[in-house]
Amino acid sequence: MTEANKQKWNWGIIGTGAIAQKFASDLSHVAGAKKAAIFSRTLKNATDFASKHAFTHSYDDLQEFLAQPDLDIIYIATPHIAHREQALAAIKAGKAVLIEKPIAMTSSEVREIKAAACEHNVLVMEALWSRFLPAVQFTKAILQKGDIGEIKRAEASLYFERDYDPSDRLYDPTLGGGALHDLGVYPISLARYFLGELELISSEWKAAPNGVNKSATLHLQSGAMPITINVGFGPEQGNTFDIYGEKGALRIDRHFLRTDSATIWHGAQSHLPPASGSFINRLRNKFSLQGGTRKTFTRQSHGLNFQAAAFQAALGQKLPEHPVMTLDESAEVLHIIEQVLAKPASA
């Protein structure tokens with residue numbers, strides 16, 4: 001075990017919602033992570049959360065929370081409309097900051113966060129946790145080794161059923177609602193990670209009754225490689241990330257944003273087997289009846305612990321940024337979303 005891995009890191013969490021609950025639970029699977037402090041707008045919420053997840057301190061005053069001297073890392077788990085302000089406050093306090101995806105509302109906000117991180121010499125990263133999952137890291141290694149040959153194209157879909165409710169944060173424009181910010185960051189960010197710099201070629205999006213984006217189709221390129229992404233609130237689709245090479249194909253299995261497996265096919269592939277949510281296709285995928293070789297990674301957590309461990313390791317090595325998830329790439333993803341939404345919604 002390296003000295004960095006032996007070090008203890010005191011974690012604080014801003015927010016007490018569903019993702020904060022999962023993250024707090026997963027910290028129990030991170031060596032060296034200590035549950036130090038919770039901040040919420042109400043002390044009762046903070047105290048209840050701290051009691052449930054065995055955190056030491058509870059706060060309803062953000063500055064008092066950030067002033068705790070032995071607090072090393074802040075995880076921001078609030079709606080993304082609040083990320084910029086809270087991140088800048090934590091950075092100013094000299095804390096390392098892991099910010100739930102999407103890291104901010106706009107690419108310019110990400111650049112502002114990066115400038116502050118550089119000024120105060122602190123580590124800051126977007127919590128795009130999917131990049132750190134073992135199955136995703138396995139996929140990255142397979143692509144780098146060229147096991148499926150030169151990449152020719154990629155396709156991803158990510159749809160989850162979310163009934164229209166204008167009071168729900170997912171549809172609330174004042175809370176940064178919309179499918180692109182909630183779901184779109186996953187396939188766009190993974191496409192950037194796997195395939196390189198992206199250029200938006202064309203796109204269309206559809207609006208919910210209140211004007212918030214409900215679904216979108218993006219046609220991107222990395223060099224000459226075409227990439228198609230479909231995201232939205234609606235009936236679930238395959239929810240896989242498929243990559244086609246000259247010597248085979250690779251699928252990050254359903255649901256790719258939280259997957260524990262990837263499947264590889266060898267030989268020329270014009271298409272991959274369907275990956276719908278139907279019972280028969282789930283069985284086919286489970287037992288690899290369609291000729292692919294599946295690599296499965298078991299875990300006891302939600303999967304958020306891998307990014308937390310990686311963040312601690314980068315902090316222990318005094319890295320300016322984590323190479324798997326840079327702030328420039330976070331800004332690039334949001335810039336693509338901005339380009340899509342700059343055009344009017346389609347009928």
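Residue numbers for the sequence shown follow full-length UniProt numbering, so the first one is 1 and each next one is one higher. Even glycine gets a Cβ: it sits at the ideal position worked out from N, Cα and C. Given the structure is predicted, the values throughout are model-derived calculations rather than measurements.
Check your understanding: Identify the residues that DSSP records as bridge partners of G232: which are they?
Key -> The residue you call residue 232 lines up with position 232 of the sequence shown. Answer by DSSP bridge pairing, in chain order: Y159, S215.
Exercise for review: Can you have a look at Y244 and say buried or exposed, based on whether 16 or more other CB atoms are within 10 angstroms of its CB?
Suggested key: In the sequence shown, the residue the question calls residue 244 occupies position 244. Result: buried.
**Study point:** G316 versus A33, H29, A342, residue with shortest Cα-Cα distance
**Key:** Mapped onto the sequence shown, residue 316 falls at position 316. Measuring from the Cα of G316, the nearest candidate turns out to be A33.
Point to revise | Option in A310, G211, G232, A208 with minimal Cα separation from L218 | key: What you label residue 218 is simply residue 218 of the sequence shown in a count that begins at 1. Taking only the C-alpha atoms, the option nearest L218 is G232.
Exercise for review: Verify the contact flag: F160, CB atom, against every heavy atom of the ligand FAD, threshold strictly below 7 Å.
Suggested key: The ligand FAD is absent from the structure shown, which contains no ligand whatsoever.
Practice item. Determine contact between the segment 157-164 and the segment 182-196, defined as no fewer than three beta-carbon pairs at a distance below 8 Å. Key: yes
Practice item. Classify K8 as helix, strand or coil using the three-state DSSP reduction. Key: The sequence position of residue 8 within the sequence shown is 8, counting from 1. Note: K8 maps to coil in three-state DSSP.
Exercise for review: Quick one: which unbroken beta strand (DSSP E) runs of 3-plus residues sit fully inside the segment 9-64? Chain order, please.
Suggested key: 9-14, 33-39, 57-59
Point to revise | Residue burial classification, N121 (beta-carbon count within 10 angstroms, cutoff 16) | key: If you number the sequence shown from 1, residue 121 lands on position 121. That one is exposed.
Exercise for review: Closer than 6 Å by C-beta to T293: which residues in its own chain qualify, once you throw out the five before and the five after it? Chain order, please.
Suggested key: Mapped onto the sequence shown, residue 293 falls at position 293. The answer, listed in chain order, is I264.
Exercise for review: Could you tell me which residues DSSP pairs with A207 in its beta bridges?
Suggested key: Counted from its first residue, the sequence shown places residue 207 at position 207. According to the DSSP secondary-structure assignment, A207 is paired through a beta bridge with N213.
**Study point:** Option nearest I227 by Cα separation, candidates L200, G146, V212
**Key:** For this step, residue 227 is matched to residue 227 along the sequence shown. Looking at the Cα atoms, L200 is the closest of the given residues.
Point to revise | Assigned exposure category for H322 - 16 Cβ within 10 Å defines buried | key: In the sequence shown, counting from the first residue as 1, residue 322 sits at position 322. The residue is buried, with at least 16 neighbouring Cβ atoms inside 10 Å.
Review point. Hey, A127 and Q307: beta-carbon distance below 8 Å or not?
Key: In the sequence shown, residue 127 corresponds to position 127, counting from 1. In the sequence shown, residue 307 corresponds to position 307, counting from 1. Yes. Within cutoff.
Check your understanding: Got a sec, what are the start and stop residues for the alpha helix (DSSP H) H120 sits in?
Key -> Translated into the one-based positions of the sequence shown, residue 120 becomes position 120. That run of the alpha helix (DSSP H) goes 107-120.
**Study point:** Rounded separation between G17 and G149 - CA only
**Key:** On the sequence shown, position 17 is the one that residue 17 refers to. On the sequence shown, position 149 is the one that residue 149 refers to. A straight line joining the alpha-carbon of G17 with that of G149 spans about 43 Å.
**Study point:** Cβ shell of L289 (< 6 Å), same chain only, five flanking positions each side left out
**Key:** Taking the first residue of the sequence shown as position 1, residue 289 is located at position 289. Note that L289 scores 37 on pLDDT, short of 50, meaning its location in the model is unreliable and no value can be drawn from it.
Practice item. Measure from the alpha carbon of L71 to the alpha carbon of each residue in A224, A36, R251, A116, then state which is nearest. Key: For this step, residue 71 is matched to residue 71 along the sequence shown. If we check each option's Cα against that of L71, A36 comes out closest.
Point to revise | Beta-carbon proximity check, I14 vs F23, cutoff 8 Å | key: Walking along the sequence shown from the start, residue 14 turns up at place 14. Walking along the sequence shown from the start, residue 23 turns up at place 23. Their beta carbons are not under 8 Å apart, which means I14 does not touch F23 by this criterion.
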